[in-house]
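Notes follow once the structure below has been shown.
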Ligand code: SF4
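Residue numbers (my numbering): 452 to 782.
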């Protein structure tokens with residue numbers, strides 16, 4: 452069950468005395484966020500709006516939604532990071548899942564006994580890293596936990612940011628990801644180029660996602676080579692506040708024009724195949740927002756992420772593109 456740190460929310464409301472607040476969180480957590488909003492309204496008698504649009508990460512807080520509603524505080528729930536507040540009134544609230552990893556950690560020990568692993572997880576399971584480490588080590592698995600950097604805590608990864616795992620990758624045989632997210636685990640496999648296992652406590656199974664990650668890489672590489680043959684490019688700036696990167700967009704425009712390509716500029720909040728179908732005369736796109744939009748979705752035309760676009764520029768200059776995903780941050 453997801454447990455939201457309501458005490459911190461209530462303390463902040465007592466302290467700031469807002470006339471209204473807004474709350475948001477990852478899709479899977481929304482029913483619990485609704486309950487917290489109801490608890491706020493009952494306790495304080497102020498409106499508490501649930502912003503039910505997506506909030507994929509700290510890159511996508513939707514603070515504009517709170518501004519439009521004139522909510523004085525936005526509580527962004529569940530993206531546990533080491534930065535407690537943004538823009539003075541967007542408070543990051545921790546939420547943890549209390550599901551037990553005991554059984555699946557024992558299973559994992561049987562598979563990886565004698566090996567050294569990097570143990571990592573997503574925001575909701577950070578509270579259980581130490582207990583899983585203890586179970587693995589008491590069953591003969593050697594465990595490393597890489598140091599956090601930027602917004603990441605020790606042992607934490609995002610879908611595009613892998614500093615703790617990259618720090619220890621040369622000392623380990625494999626990655627072990629605690630949670631259910633093939634999305635995070637496949638990124639981890641691609642950035643570290645190591646076998647990667649998901650420790651899924653809900654299905655009580657240990658999944659090897661290495662082949663799935665390689666399939667994503669083959670698809671990404673095919674798009675890069677297809678895009679290299681394009682003449683007219685559309686460069687898309689993402690309008691989500693933490694994904695806005697005009698600098699990269701204009702840098703790619705300049706580099707492509709040097710290679711004799713034609714470039715048009717676009718901006719979108721949600722970059723989907725349906726939206727791109729409205730745009731005519733473009734052979735390939737580069738989007739400088741969330742890199743996983745490109746790797747994890749299907750598009751009619753090549754839609755490259757930032758690391759893929761860098762690799763494509765290398766192809767145009769007849770350089771080697773090996774290891775283009777093996778970087779700690781894909782933006
Ligand atoms: S993977 Fe995408 S949504 Fe997740 S943190 Fe990175 S940019 Fe944001």
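C-beta atoms are modelled at their ideal positions from N, C-alpha and C, and glycine is treated no differently. In this text, all values refer to a predicted model and were calculated from it rather than measured experimentally.
Residue 562 counts as exposed, since fewer than 16 other C-beta atoms from the protein chains shown sit within 10 angstroms of its C-beta. The Cβ-Cβ distance between residue 597 and residue 580 does not fall below 7 Å.
Shown here, residue 720 sits in coil according to DSSP, grouped into three states, outside any helix or strand. Of the other Cβ atoms in all chains shown, 16 or more fall within 10 Å of the Cβ of residue 637; this residue is therefore buried. Counting C-beta pairs closer than 8 Å gives fewer than three between the segment 535-552 and the segment 718-734, which falls short of the contact rule. Under a 10 Å Cβ-count criterion, residue 458 is classified as exposed, with fewer than 16 other Cβ atoms of the shown protein chains found around its own Cβ.
Counting other Cβ atoms within 10 Å of its Cβ, residue 477 reaches 16 or more and is therefore classed as buried. Of all alpha-carbon atoms in 725, 663, 760, 635, the one lying nearest the alpha-carbon of residue 686 is that of 760. According to the DSSP assignment, residue 678 belongs to no beta strand (DSSP E) but to the alpha helix (DSSP H) extending over 661-679. Counted as a single uninterrupted DSSP element, the alpha helix (DSSP H) harbouring residue 641 occupies residues 633-643. Considering only 559, 677, 622, 663, the residue with the shortest C-alpha distance to residue 635 is 663. Bridge partners of residue 500 according to DSSP: 473. Minimum Cα-Cα distance from residue 782 among the listed residues 711, 768, 772, 755 corresponds to 755.
At a threshold of 6 Å, residue 529 does not count as near the ligand SF4, since its beta carbon sits no closer than that to any of the ligand's heavy atoms.
Sequence-distant partners of residue 733 (beyond 5 residues in either direction) whose C-beta falls short of 6 Å from its own C-beta, in its chain, are 683, 685. Remark: fewer than three beta-carbon pairs, one from each stretch, lie closer than 8 Å, so the segment 583-590 and the segment 526-545 are not flagged as touching. For residue 472, the CB contacts under 6 Å within the same chain, skipping 5 residues up- and downstream, are 499, 522, 524 in chain order.
Residue pairing for residue 595: DSSP places it in a beta bridge opposite 569. Closest in C-alpha terms to residue 559, from the list 763, 575, 452, 655, comes 655.
Residue 741 is not a Cβ neighbour of residue 705, given a cutoff of 7 Å. DSSP places residue 775 in the coil class of the three-state scheme, outside both helix and strand. Spatial neighbours of residue 681 in its own chain (CB-CB distance under 6 Å, excluding positions within 5 residues in sequence) are listed in chain order as 734, 735. Sequence-distant partners of residue 650 (beyond 5 residues in either direction) whose C-beta falls short of 8 Å from its own C-beta, in its chain, are 552, 555, 556, 559, 583, 627, 628, 629, 630, 657. Contact between residue 751 and residue 724 holds: CB atoms are separated by about 6 Å, below the 8 Å threshold.
Its chain contains 523, 524, 525 as the residues whose beta carbon lies nearer than 7 Å to that of residue 540, once the 5 sequence neighbours on both sides are disregarded; these appear in chain order.
Excluding five sequence positions before and after residue 591, the CB atoms of its chain that fall closer than 7 Å to its own CB belong to 560, 564, 565, given in chain order. Around the C-beta of residue 673, fewer than 16 other C-beta atoms lie within 10 Å, and the residue is accordingly described as exposed.
Taking the C-beta atoms as reference points, residue 602 is found nearer than 7 Å to residue 534. Of 611, 609, 615, the smallest CA-CA separation from residue 599 is found for 615.
Here residue 506 is buried, its C-beta having at least 16 other C-beta atoms within 10 Å.
The DSSP-derived three-state label of residue 524 is strand. Residue 508 has its CB nearer than 6 Å to a heavy atom of the ligand SF4. In the structure shown, residue 532 falls within a coil segment according to DSSP collapsed to helix, strand and coil.
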